[in-house]
Structure formats: C-alpha cells, structure tokens
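S.K.: One structure, pasted below without further comment.
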Amino acid sequence: MELSIEEFTPQQARQILSKQPKNRKLKAAKCAEIAAQITGGEWTLNGETIKFNKSGSLRDGQNRLMAVILANNPIRTAVAREIDDKAFESVDTGTKRTEGDRLELKGYKNANKLASMVKIIWQLENRLCVGGSGPLTHKAGEAIIRKYDLQGQIDPSFDQFPYGSKINGLFAVFNHIDSEASDAFKAAVILGENLSVDHPAMALRRQILFAASSNMARVKMILTAIVAYVIKGWNAYYTGASVKRLVYRGGEPCPHIEGSNFPDVPREDLYLNAAGRAKKAFERGQIVNWNA
Numbered sequence: 036m037e038l039s040i041e042e043f044t045p046q047q048a049r050q051i052l053s054k055q056p057k058n059r060k061l062k063a064a065k066c067a068e069i070a071a072q073i074t075g076g077e078w079t080l081n082g083e084t085i086k087f088n089k090s091g092s093l094r095d096g097q098n099r100l101m102a103v104i105l106a107n108n109p110i111r112t113a114v115a116r117e118i119d120d121k122a123f124e125s126v127d128t129g130t131k132r133t134e135g136d137r138l139e140l141k142g143y144k145n146a147n148k149l150a151s152m153v154k155i156i157w158q159l160e161n162r163l164c165v166g167g168s169g170p171l172t173h174k175a176g177e178a179i180i181r182k183y184d185l186q187g188q189i190d191p192s193f194d195q196f197p198y199g200s201k202i203n204g205l206f207a208v209f210n211h212i213d214s215e216a217s218d219a220f221k222a223a224v225i226l227g228e229n230l231s232v233d234h235p236a237m238a239l240r241r242q243i244l245f246a247a248s249s250n251m252a253r254v255k256m257i258l259t260a261i262v263a264y265v266i267k268g269w270n271a272y273y274t275g276a277s278v279k280r281l282v283y284r285g286g287e288p289c290p291h292i293e294g295s296n297f298p299d300v301p302r303e304d305l306y307l308n309a310a311g312r313a314k315k316a317f318e319r320g321q322i323v324n325w326n327a
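If you use the working numbering, the sequence shown corresponds to residues 36 to 327, in order.
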C-alpha cells in the first residue's frame with residue numbers, strides 16, 4: 036500500500052468518476068454536505084483517505100470527489116493506493132461519529148440533545164423537509180448554537196414528550212422571537228395546569244400525545260406532524276387565538292412560524308440544486324451510480 040497527500044481538482048474528479056467501476060451509489064445529501072464544507076473553508080486534512088485498488092480504480096471516496104465537482108474547488112487529501120480488493124470488505128465497518136459526538140469533543144454539554152435542536156432549527160431556517168438531510172456544516176451548526184443560546188435553552192422538562200429535543204429546539208426559536216411569550220407558553224404546555232379547553236397549549240398537549248400513540252405509518256411522518264402541531268400551537272398562542280383542535284394533514288407544507296423571518300419556500304440552492312447538478316452530470320455520462 037502506498038500513502039501520499041494529493042490534490043484533486045474538479046477536472047480530475049470527473050475523470051476518475053467517469054472511469055469508476057461498479058461501486059456503491061453516490062449519496063446526494065452527503066455530496067452536498069461535503070461540498071458546503073469545501074466552499075465554506077471547513078475542509079481539512081483529517082487522516083481519512085481516498086482509496087484506489089491495485090488496478091488504479093477508485094474504491095472509496097466517490098462522495099468526496101463528487102463534492103469537489105459540486106463545489107468547483109480542489110481539495111488536498113490523504114490517498115491510499117495499491118490496496119488489495121479483499122481489504123475493502125473491512126472499509127466503513129466502524130461506528131460513524133455523529134454530530135453529537137463532535138459537539139461533545141468540543142466541550143458542549145448534553146451534546147446529542149444539542150445536535151438534535153440544531154438540526155431542526157437549521158431545517159426550518161432553510162425551509163427544508165423535516166427529517167430530511169442537507170449540507171449543514173459544522174460552522175453553520177455552531178452559529179445556530181450561539182444565535183439561539185441553545186446551551187442555555189436545553190430544558191429536560193421536554194423529555195416527557197416524544198421528540199422532546201426537537202420540541203425543545205422549536206421553543207428556542209420561540210424564545211428568540213419573544214422570550215416572555217415563549218416562557219408562558221412553555222409553562223402551559225409542560226405543566227398543563229388550569230387550561231381552558233380552547234387554550235392552544237391544551238390543544239397542543241392533546242395532539243402531541245395523539246401523534247405519538249397513533250398508528251402513523253412512518254416515524255418521520257410522526258415527527259413532521261409533531262413539529263407542525265407545535266408551530267400551529269405557538270402561532271395560535273402568539274396571535275391570541277383560541278383553538279380546541281390542531282389539525283395536520285399529511286403532506287401539507289410545514290407552517291410558517293409567527294414572529295420569525297424564516298423563508299416561505301425551500302432554500303433549493305442549498306441542496307436540491309446540488310443534487311440536480313450531480314444528476315445531470317450522471318445523465319451526461321460524467322459520473323456513474325448516482326442516487327438522487
């Protein structure tokens with residue numbers, strides 16, 4: 036095996052991918068995530084290698100090379116060549132480091148909960164599908180932690196609810212909009228005491244428990260419904276409306292958060308365009324095994 040540090044340009048990446056033998060399908064979200072790290076200046080030499088077998092064929096690193104094409108910027112990375120094909124059976128069999136693991140290494144407390152809060156806020160800020168993926172960079176995630184003071188907003192009281200960390204993240208957004216109204220609404224939702232039948236907090240408590248106990252087909256659908264219920268409950272409370280029942284119909288767009296300046300349409304330039312560009316490259320024969 037030969038080890039080296041090499042630079043890969045977009046042109047080189049296209050050439051390598053165009054000659055690539057059968058391999059795993061490219062992952063759109065991962066390619067876009069790495070591309071965002073490259074363009075944002077977050078790409079670093081971290082010891083991970085792009086791997087080639089003894090025939091010179093790429094066997095590991097296709098998502099990184101696709102990201103080079105999407106970012107239209109070169110990268111320097113470790114490279115391993117002349118690897119026996121049998122050795123690739125053990126590649127990527129270790130446990131992947133999560134965003135919670137990374138935040139814990141940086142000294143954050145309650146790191147897994149914090150990572151969950153960051154993700155839901157980032158998705159809502161960019162109007163992306165709840166539960167979906169996209170190029171959330173480390174720099175963007177830590178900017179969200181600072182903006183919403185997430186470390187100080189973590190509240191174990193939300194653990195009584197399904198997806199408590201996601202709900203906690205939503206209330207951090209509400210707190211950023213109006214801390215006094217958010218605190219009052221949070222107390223009503225968590226305690227559920229002395230609430231009228233048409234109080235938004237009472238309606239929200241009922242719907243969260245219903246969603247958690249219902250026979251919804253997929254976990255992601257339950258999460259999407261709960262996020263929608265929490266936002267609709269906040270909207271009613273924030274605008275002074277009475278509501279006995281919060282309604283969510285599967286497939287409806289995520290509601291706008293009253294008091295926020297979040298966009299009303301998806302930030303397609305963040306992820307969808309990146310995936311689209313890669314898919315077109317596949318259609319032109321420039322890359323293979325694209326999985327949008």
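All C-beta atoms, glycine included, are put in the ideal place defined by N, C-alpha and C. Please read all numbers here as calculations on a predicted model, not as lab measurements.
Just the C-alpha distance for residue 251 and residue 257, rounded to the nearest angstrom, thanks.
M.R.: Legend: pLDDT at residue 251 = 48, less than 50; position of this residue unreliable, no value from coordinates given.
S.K.: Would you say the segment 171–180 touches the segment 66–80, given that touching needs at least three Cβ pairs under 8 Å?
M.R.: Yes, they touch.
S.K.: CB residue 98 to CB residue 62, shorter than 9 Å?
M.R.: Yes. Within cutoff.
S.K.: Just checking, does the segment 229–249 make contact with the segment 262–269 on the three C-beta pairs under 8 Å criterion?
M.R.: Counting Cβ pairs under 8 Å, three or more are found: they touch.
S.K.: Roughly how many whole angstroms lie between the Cα atoms of residue 146 and residue 263?
M.R.: Rounded to whole angstroms, residue 146 to residue 263 spans 25 Å at the Cα level.
S.K.: Excluding sequence positions up to five away, which residues of its chain have a Cβ less than 6 Å from the Cβ of residue 37?
M.R.: 116 and 117.
S.K.: For residue 100 and residue 51, which I take to be in contact (beta-carbon distance under 8 Å), what is that distance rounded to the nearest angstrom?
M.R.: Yes, they are in contact, since the Cβ atoms of residue 100 and residue 51 sit about 6 Å apart, within 8 Å.
S.K.: Is it right to say residue 46 is buried, meaning 16 or more other beta carbons lie within 10 angstroms of its own, or is it exposed?
M.R.: Exposed, since its Cβ has fewer than 16 Cβ neighbours within 10 Å.
S.K.: Which class does residue 189 belong to by DSSP, given the choice of helix, strand or coil?
M.R.: Coil.
S.K.: Distance check for residue 225 and residue 196, CA to CA, integer angstroms please.
M.R.: Cα to Cα, residue 196 sits roughly 9 Å from residue 225.
S.K.: For residue 138, which residues from the same chain have a beta carbon less than 7 Å from its beta carbon, with the 5 sequence-adjacent residues on both sides left out?
M.R.: If we look at residue 138 and ignore the five residues flanking it on each side, its Cβ neighbours are 146, 149 and 150.
S.K.: Does the beta-carbon of residue 133 have 16 or more other beta-carbons within 10 angstroms, so that it is buried, or is it exposed?
M.R.: Label assigned to residue 133: exposed.
S.K.: Measure the alpha-carbon distance for residue 42 versus residue 85 and round it to whole angstroms.
M.R.: Rounded to the nearest angstrom, the two C-alpha atoms are 11 Å apart.
S.K.: From residue 77 to residue 93, what does the alpha carbon distance come to, in whole angstroms?
M.R.: Near 24 Å, if we compare the C-alpha coordinates of residue 93 and residue 77.
S.K.: Restricting to Cα atoms, I'd like to know which of 220, 199, 153 and 193 is closest to residue 182.
M.R.: Checking every option, the nearest Cα to that of residue 182 belongs to 153.
S.K.: Can you give the Cα-Cα distance for residue 155 and residue 202, rounded to whole angstroms?
M.R.: So the two alpha carbons sit approximately 9 Å from each other.
S.K.: Can you name the start and end residues of the beta strand (DSSP E) that residue 86 belongs to?
M.R.: That run of the beta strand (DSSP E) goes 84–88.
S.K.: Which class does residue 23 belong to by DSSP, given the choice of helix, strand or coil?
M.R.: No information on residue 23 is available, as it lies outside the stretch 36 to 327 that the chain covers here.
S.K.: Do residue 206 and residue 272 have their beta-carbon atoms positioned less than 9 Å apart in this structure?
M.R.: No; because the gap between Cβ atoms is not below 9 Å, this pair is not in contact.
S.K.: Buried or exposed for residue 282, please, with buried defined as at least 16 other CB atoms from any protein chain shown within 10 angstroms of its CB.
M.R.: Burial call: exposed.
S.K.: Let me check understanding here. Comparing Cα to Cα, which of 280, 191 and 81 lies closest to residue 110?
M.R.: Looking at the Cα atoms, 81 is the closest of the given residues.
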